[in-house]
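Chemist: If you scroll down you'll find the structure; I have some questions about it.
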DNA sequence: ATACTATTGTGAAATGATTCACAGCGTTAT
DNA sequence: ATAACGCTGTGAATCATTTCACAATAGTAT
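Chains as they are written, first to last, in our numbering: chain R, 1 to 213; chain A, 214 to 426.
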C-alpha cells in the first residue's frame, strides 16, 4: 500500500466535500486553502496536507478549481459505486437517523431497517422498509449491505454486532453507549453521545475555573 | 497548570465510569487494568495511564477497588455540582436526545428546550419544558445553563451558537452538519453523523479491497 | 521581458498520543 | 521468614498528527 490515509483526514475530506458543494452551488469557481480552512475551522496547512491525499491539484494565485476538487473528493469516496446500509433499531435515535439520511446522500443509502417490535415491522418509514430482527442476516446478504448502523439498547448491541459480522458486514457505526468487540477487519465507529456530553461538560467547567484563577 | 488532560482521556474516563457502575451493581469489588481494558476495548497500559489523571489508586495483585475508583472518576467529573444543559431544536434528533438523557445522568440535566415551531413551544417533552426561540438568552442566564446542544438545521446553527456564546455558555455540542465558529474559550464538540457514516463507508470499502489483493 | 507577489506542495520539525518495559511493591505460597 | 509472582505506576521510546517554513511556480504589474 502506498500511503494509508488517516481516519481524521477522511473525516475532514467529507467536510470539505460538503462545503465545496455549497460553494459550487453559489457559483464560486476557485478557492484558496486559506478560505476553505476558515469555513472548515482548520488551518490552511492542514487543508493542503489533506488535499494531497486526493492528488491536490491547486494552482498558485488561483487556488483550487471548486468543481474539479469537489469531483475529485467525491471520486475518492467512491460515489460512483453505491454502499448499502442497514439500520438496526427504530427507536427514537433510529428514526431520527432515518429521517436525517432520507434522500440526502444518493451513494450512501439506508436500504433496510430492523426492529424487534412487531408494530414497527413491515411499515415503511421514510421510504425504508422495516424487517423483523430475525431476517437480519438474510437481508444483509440478499441486498449486499456492507455497513450497519446499530441503534438498539445496550443489552442487544453486542449480539446485533455479532450477527452483522457473521454475515460479512465491513463497517459498523454504533450508537449504543457500550464498547463493542468486533474483529480487526471490521471498521468500527463509536458515536457515544453520553460520553461526548460528559466531555463537553467537563471542559466547560474547566474553562469557567480557569477564568477564576 | 500542573498537567492538562486530553479530551481523549476524558472521553475514556467517562466510559470507564459507566463500565465500573455496571461492575459495582453486580457486586464486583476489585478489578485489574487488564479486565477494564478488555471491556473498554483499549490496552491495559492505556487504562493505567488514564487512571493516573484521577490519581490512580490501584494495589498490585488486587487491582483497583471498584467502588473507590468509580467514586474517584465521578468526583473528577464533578458530579457533586450539577451542570445545566439547554437543547435547541426539537426535531427528530432533538427529541431523540431528550428521550435519551431523560433521567439518566442526574448531574447532567437538560433543563430547557427551545424551538421556533409554535406547536412544540410550551409543551413538556420528557419532563422538559419547551420555550420559544426568542427566550433563549434570557432562560440561559436565569437557569444558569452552561452547556448547549444544537440540534437545529444547518441554516440556523451558527446564529444559535452566537446567541449561546453571547449569553455566556461554556460548552457546545453541535449536531448540525456544519463547522461552527466559536471563540476559543468555548469548548466545541462536533457530532457530525453524515461525516461519520461517510468515514465508515470509506474504510469498509478499503477493507474489502485489501482482501481482494 | 522582467520583477514582484501570493499561493501551492511538501520535506522537516514540533507536538501529541500511545505503547513499551521495567522498577517497586503488595500478596500469596512455601 | 523468605521467595516468587503479578500487577501498578511511570520514564522513555515509538508512533501518529499537525504545524512550520520554504522552494517552486503561476499569475500580475511594470
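Every residue gets a Cβ at the ideal spot worked out from N, C-alpha and C, and that includes glycine.
Treat the numbers as computed from the prediction; the structure is a model and nothing was measured.
What's the call for residue 309 (chain A), buried or exposed, on a 16-neighbour Cβ count within 10 Å?
Modeler: Reading the second chain from its first residue, position 96 is the one you call residue 309 (chain A). Per the 10 Å Cβ criterion, buried.
Chemist: On the three-pair Cβ rule with 8 Å, is the region 83-103 of chain R touching the region 119-136 of chain R?
Modeler: Yes: at least three Cβ pairs fall under 8 Å.
Chemist: For the region 27-35 of chain R against the region 49-66 of chain R, are there 3 or more C-beta pairs whose distance is under 8 Å?
Modeler: yes
Chemist: So the alpha helix (DSSP H) residue 82 (chain R) belongs to, where does it begin and stop?
Modeler: In the first chain, the residue the question calls residue 82 (chain R) occupies position 82. Element bounds for residue 82 (chain R): n/a, residue is neither H nor E.
Chemist: Beta-carbon within less than 6 Å of residue 116 (chain R)'s beta-carbon, same chain only, minus the 5 sequence neighbours each way: which residues are those?
Modeler: Indexing the first chain from 1 puts residue 116 (chain R) at position 116. If we look at residue 116 (chain R) and ignore the five residues flanking it on each side, its Cβ neighbours are 133.
Chemist: Going by beta-carbon coordinates alone, are residue 167 (chain R) and residue 140 (chain R) separated by less than 8 Å?
Modeler: As a first step, residue 167 (chain R) must be located in the first chain, where it is residue number 167. As a first step, residue 140 (chain R) must be located in the first chain, where it is residue number 140. Contact: yes.
Chemist: If you measure from the beta carbon of residue 37 (chain R) to each beta carbon in chain A, is any gap under 8 Å?
Modeler: The residue labelled residue 37 (chain R) in the question sits at position 37 within the first chain. No, its Cβ sits nowhere closer than 8 Å to a Cβ of chain A.
Chemist: Quick one: using the 10 Å Cβ neighbour count with 16 as the cut-off for buried, is residue 173 (chain R) buried or exposed?
Modeler: Taking the first residue of the first chain as 1, we reach residue 173 (chain R) at position 173. Under this definition residue 173 (chain R) is a buried residue.
Chemist: Go to residue 146 (chain R), then tell me how far its beta strand (DSSP E) extends in each direction, as first and last residue.
Modeler: As a position in the first chain, residue 146 (chain R) is number 146, starting the count at 1. Per DSSP, residue 146 (chain R) belongs to the beta strand (DSSP E) from 145-150.
Chemist: When the Cβ atoms of the region 181-188 of chain R are set against those of the region 198-210 of chain R, are three or more pairs found closer than 8 Å?
Modeler: no
Chemist: Compare the C-alpha of residue 51 (chain R) against each of R:159, R:8, R:171 and name the closest.
Modeler: Working through the first chain from its first residue, we reach residue 51 (chain R) at position 51. The residue with the shortest Cα to Cα distance from residue 51 (chain R) is R:8.
Chemist: Does the separation of the CB atoms of residue 349 (chain A) and residue 371 (chain A) fall below 8 Å?
Modeler: For this step, residue 349 (chain A) is matched to residue 136 along the second chain. For this step, residue 371 (chain A) is matched to residue 158 along the second chain. No; because the gap between Cβ atoms is not below 8 Å, this pair is not in contact.
Chemist: Listed in chain order, which residues of the region 308-320 of chain A have Cβ atoms closer than 8 Å to some Cβ of chain R?
Modeler: 308, 309, 310, 312, 313, 314, 317, 318
Chemist: Taking residue 140 (chain R) as the query, report the chain A residues whose CB atoms sit under 8 Å from its CB, ordered along the chain.
Modeler: Looking up residue 140 (chain R) in the first chain gives position 140. Near residue 140 (chain R) there are no residues of chain A at all, since even the closest Cβ is about 13 Å away, more than 8 Å.
Chemist: Who pairs with residue 114 (chain R) in a beta bridge, going by DSSP?
Modeler: Numbered from 1 along the first chain, position 114 holds the residue referred to as residue 114 (chain R). DSSP, once it has assigned bridges, lists R:88, R:131 as partnering residue 114 (chain R).
Chemist: Mind listing the chain A neighbours of residue 157 (chain R)? Cutoff is C-beta to C-beta under 7 Å, in chain order.
Modeler: The residue you call residue 157 (chain R) lines up with position 157 of the first chain. Those do not exist, as residue 157 (chain R) stays about 13 Å from chain A at its closest Cβ, beyond 7 Å.
Chemist: Looking at the C-beta of residue 40 (chain R), does it have a partner C-beta in chain A at a distance below 8 Å?
Modeler: Your numbering for residue 40 (chain R) matches position 40 in the first chain. Taking Cβ atoms only, chain A reaches closer than 8 Å to residue 40 (chain R), which makes this a yes.
Chemist: Tell me the rounded alpha-carbon separation between residue 233 (chain A) and residue 255 (chain A).
Modeler: Walking along the second chain from the start, residue 233 (chain A) turns up at place 20. Walking along the second chain from the start, residue 255 (chain A) turns up at place 42. Distance between the alpha carbons of residue 233 (chain A) and residue 255 (chain A): 15 Å.
Chemist: So the alpha helix (DSSP H) residue 263 (chain A) belongs to, where does it begin and stop?
Modeler: Taking the second chain and counting its residues from 1, the one referred to as residue 263 (chain A) is at position 50. Taken as a continuous stretch (DSSP letters only), the alpha helix (DSSP H) holding residue 263 (chain A) covers 257-265.
Chemist: Expressed to the nearest angstrom, what Euclidean distance is found between the alpha-carbon atoms of residue 305 (chain A) and residue 275 (chain A)?
Modeler: As a first step, residue 305 (chain A) must be located in the second chain, where it is residue number 92. As a first step, residue 275 (chain A) must be located in the second chain, where it is residue number 62. Cα to Cα, residue 305 (chain A) sits roughly 47 Å from residue 275 (chain A).
Chemist: Can you list the residues of chain R that residue 281 (chain A) reaches, using a CB-CB cut of under 8 Å?
Modeler: Start at 1 with the first residue of the second chain, and residue 281 (chain A) comes out as number 68. None at all; the shortest Cβ gap to chain R is about 20 Å.
Chemist: Could you give the C-beta distance for residue 113 (chain R) and residue 152 (chain R), rounded to a whole number, given that I count them as a contact under 8 Å?
Modeler: Against the first chain, residue 113 (chain R) aligns to sequence position 113. Against the first chain, residue 152 (chain R) aligns to sequence position 152. No, residue 113 (chain R) and residue 152 (chain R) are not in contact; Cβ-Cβ is about 11 Å, not under 8 Å.
Chemist: Measuring CA to CA, which of R:197, R:80, R:109 is closest to residue 143 (chain R)?
Modeler: Working through the first chain from its first residue, we reach residue 143 (chain R) at position 143. Residue R:109 is the option with its Cα nearest to residue 143 (chain R).
Chemist: Output needed for residue 170 (chain R): all residues of its chain with C-beta closer than 6 Å, excluding positions within five of it in sequence on either side, in chain order.
Modeler: Counting from 1 along the first chain, the entry for residue 170 (chain R) is found at position 170. So the list reads 146, once near-sequence residues are dropped.
Chemist: When the cut-off is 8 Å and only beta carbons count, does residue 390 (chain A) lie next to chain R?
Modeler: In the second chain, counting from the first residue as 1, residue 390 (chain A) sits at position 177. So yes, residue 390 (chain A) belongs to the interface.
Chemist: Taking just the CA atoms, how far does residue 46 (chain R) sit from residue 270 (chain A)?
Modeler: Position 57 of the second chain, counted from the start, is the residue given in the question as residue 270 (chain A). Position 46 of the first chain, counted from the start, is the residue given in the question as residue 46 (chain R). Distance between the alpha carbons of residue 270 (chain A) and residue 46 (chain R): 40 Å.
Chemist: In the DSSP assignment, what are the bridge partners of residue 335 (chain A)?
Modeler: Mapped onto the second chain, residue 335 (chain A) falls at position 122. DSSP output for residue 335 (chain A) lists no bridge partner at all.
Chemist: So, at 6 Å on beta carbons, what are the nonlocal neighbours of residue 298 (chain A) in its own chain, with the 5 sequence-adjacent residues on each side left out?
Modeler: Locating residue 298 (chain A) in the second chain gives position 85, where the first residue counts as 1. 323, 360.
Chemist: With a threshold of 8 Å between beta carbons, is residue 3 (chain R) in contact with chain A?
Modeler: Indexing the first chain from 1 puts residue 3 (chain R) at position 3. For residue 3 (chain R), not one C-beta of chain A is nearer than 8 Å to its own C-beta.
Chemist: Taking the straight line between their C-alpha atoms, what separation do you get for residue 48 (chain R) and residue 70 (chain R)?
Modeler: Here residue 48 (chain R) is taken as the residue at index 48 of the first chain, counted from 1. Here residue 70 (chain R) is taken as the residue at index 70 of the first chain, counted from 1. Their backbone Cα atoms lie some 14 Å apart in a straight line.
Chemist: Using the three-state DSSP reduction, which class does residue 180 (chain R) fall into: helix, strand or coil?
Modeler: Indexing the first chain from 1 puts residue 180 (chain R) at position 180. DSSP places residue 180 (chain R) in coil when its eight states are reduced to three.
Chemist: My output table needs one value for residue 350 (chain A): the three-state DSSP class, helix, strand or coil.
Modeler: For the purposes of this step, residue 350 (chain A) is taken as residue 137 along the second chain, with counting starting at 1. DSSP, read as helix, strand or coil, puts residue 350 (chain A) in helix.
Chemist: What span of residues does the alpha helix (DSSP H) with residue 71 (chain R) cover, start to end?
Modeler: Start at 1 with the first residue of the first chain, and residue 71 (chain R) comes out as number 71. 66-76 is the span of the alpha helix (DSSP H), which, as asked, contains residue 71 (chain R).
Chemist: When the Cα atoms are used, what is the spatial distance from residue 369 (chain A) to residue 251 (chain A)?
Modeler: Mapped onto the second chain, residue 369 (chain A) falls at position 156. Mapped onto the second chain, residue 251 (chain A) falls at position 38. Distance between the alpha carbons of residue 369 (chain A) and residue 251 (chain A): 42 Å.
Chemist: Could you give the residue range of the beta strand (DSSP E) that holds residue 171 (chain R)?
Modeler: Here residue 171 (chain R) refers to the residue found at position 171 of the first chain. Note, residue 171 (chain R): beta strand (DSSP E), 171-174.
Chemist: Counting only the same chain and skipping the five closest in sequence on each side, list residues whose C-beta sits under 7 Å from that of residue 272 (chain A).
Modeler: Within the second chain, the letter at position 59 stands for residue 272 (chain A). Excluding sequence neighbours, residue 272 (chain A) sits near nothing in its chain.
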